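In what follows, a single structure is set out as structure tokens and then discussed.
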């Protein structure tokens, strides 16, 4: 584009009236599983969030959102997108730089920036924001006409193979109780990060208001001390919540966390195809014996809320050590080819992201 100059762009707060133009530059984002069409108007009403657009010759050519988390000391950069015809002109750096300057000005308490990426992020991004954690991603397609048979096959697989404790659905009070126990937090979140629905948050109670207010389904399983030898897990003097019924005894597996926590939210519509929804299931911990029961429980609870005729892309995010257990359980269900890993990058807000040109306002 020979007539393009960064000095000719405008950066403005996004508004409801920009929705259609933002969607017009979003084709193919996240392999058709883009959540922004569903979340856009909800995000506009969030006081902890800022949303920006870039305009060139009166047209929207880029979008980026920031979200304050971790009690206000961290900002997430989310949903960056640039119109295909404008890529390679430095617009992504301009809107990132403007968003970071806005944070420095309006939120001086923010010291860290966190972003998520799939495989092979740009070297310039990694230089500023190193990878602090990586999780495995396994995705499958459940078409409406195959859903009943697929769930039936998974039920039979659980009945035949599952030896873990029955999953327990947690109330908000029980979730809060878990986060009072530092030993359990260490087992479930070894990097100190709770990554739910692609939101990389510190595993701290200050973020639970954000999570508990989102209608999430939380499920928990825990081995008892009597069936887990002291050599297999890190022992801790902090007890688990006493009001969660202890599971039955079963043979131990070595070198795994005694717990598994998981969460999901109701499937949301995505642009991939009409009637297609995305269901995210996030697993925390490293205990493979509980994987089957947790995944099945989320599917059984969440799929009935689909509209008639709806199909589901199920995206499961877990520690890399659980990839095999998740893949084995879902064997025979059509894979959905999207990212294989979810990377969390984190860096300081002290210095500018990149040298950038101030946009016209």
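In the working numbering, the protein residues as written are 1120 to 1480.
Beta carbons: idealized from backbone N, C-alpha and C, even for Gly.
The structure presented is a predicted model; accordingly, all values stated were derived computationally and were not measured.
Can you have a look at residue i and say buried or exposed, based on whether 16 or more other CB atoms are within 10 angstroms of its CB?
i	result
residue 1312	buried
residue 1467	exposed
residue 1224	exposed
residue 1134	exposed
residue 1187	buried
residue 1399	buried
residue 1438	buried
residue 1412	buried
residue 1197	buried
residue 1161	exposed
residue 1376	buried
residue 1359	Unreliable placement is indicated for residue 1359, whose pLDDT of 43 sits below 50; the coordinate value is still reported in the next sentence. Buried, because 16 or more other Cβ atoms sit within 10 Å of the Cβ of residue 1359.
residue 1395	buried
residue 1469	exposed
residue 1264	exposed
residue 1280	exposed
residue 1294	buried
residue 1146	exposed
residue 1378	buried
residue 1139	exposed
residue 1428	exposed
residue 1268	exposed
residue 1319	buried
residue 1207	exposed
Is residue i helix, strand or coil by DSSP?
i	result
residue 1208	coil
residue 1456	coil
residue 1171	strand
residue 1411	helix
residue 1126	helix
residue 1242	helix
residue 1466	strand
residue 1481	For the chain, the structure presents residues 1120 to 1480; residue 1481 sits outside this window and is missing.
residue 1195	strand
residue 1217	helix
residue 1399	strand
residue 1375	coil
residue 1420	helix
residue 1135	helix
residue 1158	helix
residue 1387	strand
residue 1498	Residue numbering for the chain in the displayed model covers 1120 to 1480; residue 1498 lies beyond these limits and cannot be assessed.
residue 1222	helix
residue 1143	helix
residue 1349	With a pLDDT of only 39 at residue 1349, under 50, the local geometry of the prediction cannot be trusted, and no value is derived from it.
residue 1163	helix
residue 1359	With a pLDDT of 43 at residue 1359, under the threshold of 50, the predicted position of this residue should be treated as unreliable, and no value is reported.
Can you check whether the CB of residue j is closer than 8 Å to the CB of residue i?
i	j	result
residue 1205	residue 1184	no
residue 1259	residue 1453	yes
residue 1189	residue 1323	yes
residue 1173	residue 1234	no
residue 1250	residue 1436	no
residue 1315	residue 1380	no
residue 1199	residue 1211	yes
residue 1529	residue 1441	Because the chain in this structure spans residues 1120 to 1480, residue 1529 falls outside the shown range and cannot be described.
residue 1334	residue 1284	no
residue 1410	residue 1444	yes
residue 1137	residue 1179	yes
residue 1433	residue 1261	yes
residue 1182	residue 1128	no
residue 1243	residue 1222	no
residue 1238	residue 1408	no
residue 1245	residue 1291	no
residue 1230	residue 1192	yes
residue 1483	residue 1209	This structure does not reach residue 1483, given that the chain is present from 1120 up to 1480, and the question cannot be answered.
residue 1448	residue 1307	no
residue 1416	residue 1286	yes
residue 1393	residue 1336	no
residue 1248	residue 1289	no
Is there a Cβ from chain B that is less than 8 Å from the Cβ of residue i?
i	result
residue 1283	The chain labelled as chain B is not found in the depicted structure, where only one protein chain is given.
For a test of your reading of the model: does the CB of residue i fall under 7 Å from any non-hydrogen atom of the ligand NAP? Yes or no.
i	result
residue 1403	Of the ligands one can find in the structure shown there are none, so the ligand NAP has no counterpart to examine.
Mind listing, in chain order, the continuous alpha helix (DSSP H) runs of no fewer than 4 residues lying wholly within the segment 1298-1333? 1301-1307 and 1327-1331
May I have a chain-ordered list of the beta strand (DSSP E) segments no shorter than 3 residues that lie completely inside the segment 1258-1301? 1287-1289
Indicate whether the contact test is met: 3 or more Cβ pairs, each with one atom in the segment 1294-1307 and one in the segment 1263-1275, closer than 8 Å. no
Can you list, in chain order, the stretches of the alpha helix (DSSP H) that have 4 or more residues and sit fully within the segment 1419-1448? 1442-1448
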